[in-house]
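Worksheet: one structure, shown below.
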DNA sequence: TTTTAAGTAGACAGACTTGTCTACATACTT
DNA sequence: AAGTATGTAGACAAGTCTGTCTACTTAAAA
């Protein structure tokens, strides 16, 4: 059975539900409709908090934007590494992994690529986070290559091709066609 | 010597300077700062026209957005095809062509990828134009491959890899590194 | 017990958004 | 000579943007 939910069961936990709700709402709306398209008022209404609460946790919208990107990074990386592991880290089956993501009805491309395009020139921190995200993604691919005894040096190329695939699907090219193209690149790289 | 600048020297020409000025200004600002970040008032001030003139030529901002994309498509395709021809359509030298673009201090990625990310879900026409743009780009690459006796079938893969390179540079990855990665993909595809 | 953190409800400021409107000027075409 | 297209200058509407503010409440920590 579960432990008693006394005060200090989870040390500084129960930090606040409002802050989490705001972040989750921001994630949904920023990713789905874009950052500039999502006003603070909408975030407040959707997350069910008041303006004071909102600004107490995130003193400016920019703070929330960065928090959104950090959260998105953690979430996406967790999904990607777990999905790769499920395929025994066989990069040949990368298209299976991506197929899952690309076919999601809420798919709207890469949050980092989108954010850089939207506000990268105004908020340089966004580009910095985005670059780090791509670096981490590449490292994960390198680890997979290593595990299956393939040349790690290819990780950068594979990672770059994935980005191309991400944007293609976002523009509306059929997932099947994009994944076939990506598969061709993978085969040529790995053979 | 030049012909007299009489009325009908250029038939329906001199259509209007204001319209062109608006379009050119929109191209600069939309590409540089983003579409949503660029207000109608700024476009009007920068292009030196009045509100009535602006709305007479472009009844809504959306009309101007689409005009911008069409103009950008023509401009970019003209540059790309001319640049490819200068390299005798040797796809192996594609990185030289892209290096020129990526190194431009005003480089801000692909206007189409950016636009889809910013307003693709709100203005579906944008995604449609973007997809067509990528298709045309791919066809140009296919033509280059054909001219140098290489398999046209690779055009889609090359085109997709280019998109990956475009977004990488935009996020701030060094041009040199990105082009080396792209070159690796090209070599593996073509060998 | 008193302080601190977290919450609610909503008015308000000031800037910026897209788009409409009036009133007038100029110049080319029919 | 009259009509049409194009232009100028700027007020105005109605909404949205981010961010601040007052006033009050609740609960945990020091």
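Chains as they are written, first to last, in our numbering: chain E, 1 to 191; chain S, 1 to 191. Here a beta-carbon is modelled for each residue, glycine too, at the ideal position from N, C-alpha and C.
The three-state reading of DSSP puts residue 88 (chain E) in coil, since its state is none of H, G, I, E or B.
Residue 163 (chain S) sits away from residue 172 (chain E), with the two beta carbons spaced by 7 angstroms or more. In the same chain as residue 127 (chain S), and ignoring 5 residues on each side of it, the C-beta atoms closer than 6 angstroms to its own belong to 116, 120, in chain order. Residues of chain S with a Cβ closer than 8 angstroms to the Cβ of residue 109 (chain E) are, in chain order, 116, 117.
Per the C-alpha coordinates, the member of E:145, E:78, E:31 positioned closest to residue 108 (chain E) is E:31.
Secondary structure remark: continuous alpha helix (DSSP H) runs of at least 4 residues inside the segment 104-190 of chain S, in chain order: 111-119, 124-147, 155-171, 175-190.
Under the three-pair Cβ rule at 8 angstroms, the segment 36-50 of chain S does not count as touching the segment 76-90 of chain S. Our two residues, residue 87 (chain E) and residue 19 (chain S), have alpha carbons roughly 56 angstroms apart in a direct line.
Under the DSSP assignment, residue 99 (chain S) falls in the alpha helix (DSSP H) whose first and last residues are 94-102.
When the beta-carbon positions are compared, residue 91 (chain S) and residue 159 (chain S) stay at least 7 angstroms from each other. Of all residues in the segment 167-179 of chain E, the ones placed with a Cβ closer than 9 angstroms to any Cβ belonging to chain S are 167, 168, 170, 171, 172, 173, 177, 178, in chain order. Looking from the CA of residue 22 (chain E), the closest CA among E:63, E:37, E:36 belongs to E:63.
Distance from residue 154 (chain E) to residue 189 (chain E) at the Cβ level is roughly 5 angstroms; contact confirmed, criterion being Cβ atoms closer than 8 angstroms.
Sequence-distant partners of residue 151 (chain E) (beyond 5 residues in either direction) whose C-beta falls short of 8 angstroms from its own C-beta, in its chain, are 145. Residue 113 (chain S) is not a Cβ neighbour of residue 181 (chain E), given a cutoff of 7 angstroms.
The beta-carbon of residue 164 (chain S) is placed less than 7 angstroms from the nearest beta-carbon of chain E.
Assigned with DSSP and collapsed to three states, residue 58 (chain E) falls in coil, not helix or strand. Going by C-alpha positions, residue 33 (chain S) is about 13 angstroms away from residue 110 (chain S). Ranked by Cα distance from residue 35 (chain S), the options E:134, E:118, E:139, E:123 are led by E:118.
DSSP places residue 49 (chain S) outside both helix and strand once states are collapsed to three, so it counts as coil. Secondary structure note for residue 38 (chain E): it is in no alpha helix (DSSP H), with a DSSP letter that is neither H nor E.
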